[in-house]
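Protein chains in written order, with the working numbering: chain A, 1 to 615; chain B, 1001 to 1615.
The C-beta atom is built at its ideal place from N, Cα and C for all residues, glycine as well.
Bear in mind the structure is a predicted one, so any value in this text is a computation, not a measurement.
Down below is the structure, laid out as structure tokens.
There are 2 protein chains.
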Amino acid sequence: MNTFEVVFQPDSIRIAVKEGTLLTNAMKQAGLAIQLPCGGTGKCGKCVVEIQPDAPPAGDFDRQYITDDDLARGKRLACKTRVDRPMRVFLSDTIRAAEGQILVNGLDRTVSIDTPLKKTYLDVPPPSLEDQRADLQRVAETLGIYNGSCPDIDIRLARELPDILRNANFRITVTSENSRIVAVEPGDTTSRLYGIAFDIGTTTVVGSILDLRNGGQEAYASRLNAQIIHGEDTISRIKYAIEEPNGLSELRSKILGVINEIIDEAVEKAGIEKHEIYEAVFVGNTTMSHLLMGMSPEGLSKIPFVPVTNTPLTTLAKDAGIGINPLGTVHVLPNIAGFVGSDTVAVMLACDYLDDGPTQLAVDVGTNGELALRHDGKLTVCSTAAGPALEGAALTCGMRAAPGAIEHVTLTENDVECDIIGNVAPAGICGSGIIDIVAELVRTGIVDSVGRVLPPEECPRAVSEELKSRIVENEGGEYEFVLAVDESGDVPRRIVISQRDIRQIQLAKGAISAGIALLVKSAGLTLDDLDEILLAGAFGNYIRAESAQRMGLLPMVPVERIRFVGNAASAGAKMALLSRSARADADRIRHVTGHIELASMTEFMTEFSNSMLFP
Amino acid sequence: MNTFEVVFQPDSIRIAVKEGTLLTNAMKQAGLAIQLPCGGTGKCGKCVVEIQPDAPPAGDFDRQYITDDDLARGKRLACKTRVDRPMRVFLSDTIRAAEGQILVNGLDRTVSIDTPLKKTYLDVPPPSLEDQRADLQRVAETLGIYNGSCPDIDIRLARELPDILRNANFRITVTSENSRIVAVEPGDTTSRLYGIAFDIGTTTVVGSILDLRNGGQEAYASRLNAQIIHGEDTISRIKYAIEEPNGLSELRSKILGVINEIIDEAVEKAGIEKHEIYEAVFVGNTTMSHLLMGMSPEGLSKIPFVPVTNTPLTTLAKDAGIGINPLGTVHVLPNIAGFVGSDTVAVMLACDYLDDGPTQLAVDVGTNGELALRHDGKLTVCSTAAGPALEGAALTCGMRAAPGAIEHVTLTENDVECDIIGNVAPAGICGSGIIDIVAELVRTGIVDSVGRVLPPEECPRAVSEELKSRIVENEGGEYEFVLAVDESGDVPRRIVISQRDIRQIQLAKGAISAGIALLVKSAGLTLDDLDEILLAGAFGNYIRAESAQRMGLLPMVPVERIRFVGNAASAGAKMALLSRSARADADRIRHVTGHIELASMTEFMTEFSNSMLFP
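Written out as structure tokens, the structure reads:
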């Protein structure tokens, strides 16, 4: 019996399932918490998913609930569709939910819901000459939080209280966060209590609305980080912030704009109002957190790389400029150091690093590579400037993982086999494709160990003439390898990987593998001591472990020790949104985690230049 | 040996001293806390005061320190001037101070300084590769308030922290309020720590800047409450707030404008910057508090008279619109009920009502009369709508206590003797003068017990023809009594008290004396049981106790049981500014004080109509 790979989106969870498996069962295997109102009998039509590139043939149940247009687009009922080919499955937000506990996507753990937010419906006794209690005291006493002093309530809300009370005939719902009154709404709104978790990436920003009563994901939206026009990496953003007039406030407006667009989209998808989101949790690298909170990242730009703060930050949404309920709370999770941000803390949180467990190395490959090691109950992190090459940026034909991107490459004896996202004409190469092609060029010997793209005549004898014919000299006298030709436009365009690209990739993978080597060494370990390497980030989910090892990005541990943990930073943010103890754990992680500044280690340059070589 | 009356301004503290007493000793007798750097030897010239209307002759010491212009204006050294006539003495702000404790003006008690604000000078160790602590953690640790989580600091201040630190070479002064960081200033500013106490009256607003290190009053300023153009009493302000479009926000802007003008004037007088005021305390009646905080007073306008809140309110200055340090705290002391505000709480605080003591009745005569009874450790308050008549408003020739106002009146057999403020031409009658003249008209029988101004022919035989000639019939056919004629203008103008005025005054004094009677009765007491009646308010200090008794405003207790306690509301506000325990006491007063709603008592109307009669 065959086994096919199924990738669930938007979480990029990848699993292999046996032919004939029901999609709903595959989802459960993948650890996705789903809800099937009719129990998977095909009677409710709620479990519609979209399957790409080619959906299995539609059945009667599908035709009953899905329009012809949507069927043609690949929509099917998950409970009636069996896996008969590799597929990418796009989940709607409504299919996922769970009571009391949520499963952290792609990770083998759950989190108990323990939000500080509570909604209480109150039938407040109206005042009379015998009961002249003031409005605020009256409400606080009915709610049971009156302790004799002024309830914790924003003066703006206190101003509105009399009108809300009277217009609602003294029947109201109070939203409280611990003992603070966050909102007072007319009537009974206890069933509407939402929060939003954000992962602010240097390149991509994602936000997920969760139902705080049961952890269900109500909606999800993402956008490119609009700061990107001022530089692709954190260093150029910092430079812009400190060198341009109003640079900092411009970058802050940019990210706030993106966040608020995501909120607008997500509330519309979820069918809720913005004011019904009472809390937001943010993770991101230290630079992103600083720019988001309007704090100058100048200290991060130079030795000794000092942030304004590493502590978690809590402020009102109105003060942070976040378009949820203005009196809702915004939490930014703590950073560990100038270049190890709350996104890494969130990865460590999602991977349960505070608990005892095997020796694990979490690798978050991005513009800034962040590495987190757990060994013997001790946590250590470091960061290493990989540059944008491994994300597909700054390369001749690099691109983000979007339709047209070559995401996987295999060199057969005579040909180049490319998997292209969306099955359209090739437009460029994204990160996972880059790692594949470099691994394949190294394997075949077309690129030598110092990273030179060999001219055809210098290639090993085993390289076929067909492959050699793809090695061409460019205008600068250097060689490049042609993966594919885009013939969709007027003029055919070659998708290549150039000598310059290889150098960029060497720098990136050299930085990360040197970081791995030094982090492991500083703990008194060798690579063999690593029980598991966890690859985090949407990027991580697409990389072929073997390719990453072959081109020297990941160490040569047995491949089964490499595990993909999906967007663990986002999962950690959601955990913190749902659970006070997760939030406390995040701060504990900051306190107990040691940080190694690679720049201050004398071995770094040696290790780095060694690591630039291909194995 | 003669005894002369000395009135100390701006606190309106009135004492009688023996002829020849040194002014500095008179100040001490009056309970004023003063400082004399040279010990009163005439060597420093710091104790300059201004004496009105006529200063004693200047001596050599005076001429040494004071210019001829200022000497002519009545300025003298207090330590070298002896009382040889009745005088009004204007104290400068610099003369008054004390270490550690301040004497509550006009009251026989002190308060220990116990502010939650603290300034600490820090020499912060700069960061290095070995010490990469974040700026905020670094400062909090140096300050000794870092507990592992984020220090309590406004995000706006956190944003400025890196620049402040670096521009000051890491030498800074941190202002903290408990564990909250309020301000970070470059260099050592520990000697500059100020607060401001406000008494927001319906008519007059006064603010006093205090040095929070030693309680010294640095400056004082006052203004007419600019809301007055929208009504003279609280009821018309409430009406304006709820009936006019934007009425509430307009009234709020008006009072904020006045407050901020007072701050501007006071900081200039004191030679400090606005940002050096880190805390403000406000007292006022419940309507004034509501309007100040932008809360609708609508609930106060109708039965059952419910405020938005009675609790103390604490908010940031920037959120309250108060022009001190934007991150400074604004405290509004608690109210007791819809018409018994924090000004009454402050009076009770200043009069030490929480302690055991004699049976006392504090009377705050204003547009709204507020009464507070302490008996056997039990506190009870009520309010009674006196109207503006006793403040000189809404009467034919009424005016505020300002130059030209007749403040005292005595009827001799053949004449009317008037004391006029500022010794200028008479312009009108202020509150104390009104009480005097009514008392005198009742004593002489010109006004009978039901309040009728008798025509000359009906007056008792003992009334001289000279006095009778002052009783004139006006255009409406009613009689009025002429106190004086202002001949300073082109046309002589009569200063009169009319039949209509007498009716207004009857309503006012009836309301207050009915309130007193019912409050005393509800405690199971008679008027004889009152050990003391405390007359509070600037107004109180000018009233002649005998006049107030004779016209029936104050009960006929032995006159020595009547005590003037000055602007006790303002004194209470200052105590709360200087002392956390005073602030806690204010809230305790709210909790333990019983409130009687006169409107709900069946006896009120009977008592009220009886009280309208003159004794």
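- Give the interface partners of MET293 of chain A over in chain B, defined as CB-CB distance under 8 Å, in chain order. ILE1155, ALA1158 and ARG1159
- Going by alpha carbons, who is nearest to LEU467 of chain A out of A:LEU395, A:LEU441 and A:GLU475? A:LEU441
- Spatial neighbours of TYR65 of chain A in its chain, beta-carbon cut-off 6 Å, leaving aside the 5 residues before and after: GLY45
- Query: chain A beta carbons: is any one of them nearer than 8 Å to that of LEU1129 of chain B?
  - Reply: yes
- Closer than 7 Å by C-beta to LYS1254 of chain B: which residues in its own chain qualify, once you throw out the five before and the five after it? Chain order, please. ALA1226 and GLN1227
- Query: Is it true that the CB of VAL1111 of chain B sits closer than 8 Å to the CB of MET1612 of chain B?
  - Reply: no
- Message: Using CA atoms only, rank isn't needed, just tell me which of B:ALA1270, B:ALA1317 and B:PRO1297 is closest to VAL1182 of chain B.
- Response: B:ALA1317
- Quick one: Cα of ASN105 of chain A to Cα of VAL6 of chain A, how far? For ASN105 of chain A, the pLDDT reaches just 47, beneath the cut-off of 50, and the residue's location in the model is therefore unreliable, leaving the point undetermined.
- Message: Helix, strand or coil, according to DSSP, for ASN25 of chain A in the structure here?
- Response: helix
- Within the 8 Å Cβ cut-off, does ASP135 of chain A reach chain B? yes
- Query: Taking just the CA atoms, how far does LYS1239 of chain B sit from ASN1025 of chain B?
  - Reply: 49 Å
- Can you find a C-beta in chain B that's less than 8 Å from the C-beta of HIS618 of chain A? Lying outside 1 to 615, the shown extent of chain A, residue 618 of chain A is not represented and no answer is given.
- Which whole-angstrom value describes the C-beta separation of GLN1132 of chain B and PRO304 of chain A, a residue pair presumed to lie in contact below a C-beta threshold of 8 Å? 5 Å
- Please name the residue or residues paired with MET1087 of chain B in a DSSP beta bridge. B:VAL1006
- Message: Per the DSSP calculation, ASN368 of chain A is bridged to which residue(s)?
- Response: A:ALA385
- Range covered by the alpha helix (DSSP H) that runs through ALA1221 of chain B: Looking at the DSSP string, ALA1221 of chain B is not in any alpha helix (DSSP H); the run it does join, the beta strand (DSSP E), is 1217-1224.
- Hey, out of A:VAL363, A:GLU480 and A:VAL472, whose CA is closest to VAL438 of chain A's CA? A:GLU480
- Task: Mind reading off the beta-carbon distance from VAL1463 of chain B to ILE1446 of chain B? Whole number of angstroms is fine, and I expect it under 8 Å.
- Result: 6 Å
- SER1600 of chain B: buried (16+ other C-beta within 10 angstroms of its C-beta) or exposed? exposed
- Query: Looking at SER1176 of chain B and THR1142 of chain B, is the spacing between their C-beta atoms short of 8 Å?
  - Reply: no
- Task: Determine, using beta carbons only, whether GLN9 of chain A and ARG88 of chain A come nearer to each other than 8 Å.
- Result: yes
- Task: Scan the segment 1298-1325 of chain B for residues whose Cβ lies nearer than 8 Å to a Cβ of chain A and list them as they occur along the chain.
- Result: GLU1298, GLY1299, ILE1303, PRO1304, PHE1305, VAL1306, PRO1307, VAL1308, THR1309, ASN1310, THR1311, PRO1312, LEU1313, THR1314, THR1315, ASP1319 and ALA1320
- Message: Quick check on VAL1447 of chain B: does DSSP put it in helix, strand or coil?
- Response: strand
- Message: With a threshold of 6 Å on Cβ separation, who are the neighbours of ALA241 of chain A within its own chain once the five nearest residues in sequence on each side are excluded?
- Response: GLY247, LEU248, LEU251 and PRO297
- Item | Where the segment 335-346 of chain A meets chain B: residues whose CB sits under 9 Å from a CB there | ASN335, ALA337 and GLY338
- In terms of residue numbering, what span does the alpha helix (DSSP H) encompassing ARG252 of chain A cover? 247-270
- Task: Could you name the residues of chain B that GLN132 of chain A contacts, counting a contact when the two beta carbons are closer than 9 Å?
- Result: PRO1304, PHE1305, VAL1306, PRO1307, ALA1337, GLY1338, HIS1595 and GLU1597
- Item | Inter-residue Cα distance where the pair is ARG138 of chain A and GLY148 of chain A | 11 Å
- Through-space distance from ALA1350 of chain B to ALA1568 of chain B, alpha-carbon basis: 6 Å
- Message: Using CA atoms only, rank isn't needed, just tell me which of A:LEU117, A:PRO426, A:SER128 and A:ARG590 is closest to VAL340 of chain A.
- Response: A:ARG590
- Just list the alpha helix (DSSP H) runs in the segment 165-238 of chain A, keeping only unbroken ones of 4 residues or longer that don't cross its boundaries, in chain order. none
- Query: Helix or strand or just coil, what does DSSP make of CYS1351 of chain B?
  - Reply: coil
- Message: Given a cut-off of 8 Å on the beta-carbon distance, is the pair THR1367 of chain B and PRO1388 of chain B in contact?
- Response: yes
- Task: Please compile the residues from chain B whose C-beta is within a distance smaller than 7 Å of the C-beta of PRO162 of chain A.
- Result: SER1296, GLU1298, GLY1299 and VAL1308
- Query: At which residues does the alpha helix (DSSP H) containing VAL1592 of chain B begin and terminate?
  - Reply: 1580-1592
- Sort A:ILE516, A:SER469, A:ARG166 and A:HIS595 by Cα distance to ASP415 of chain A and report the nearest one. A:SER469
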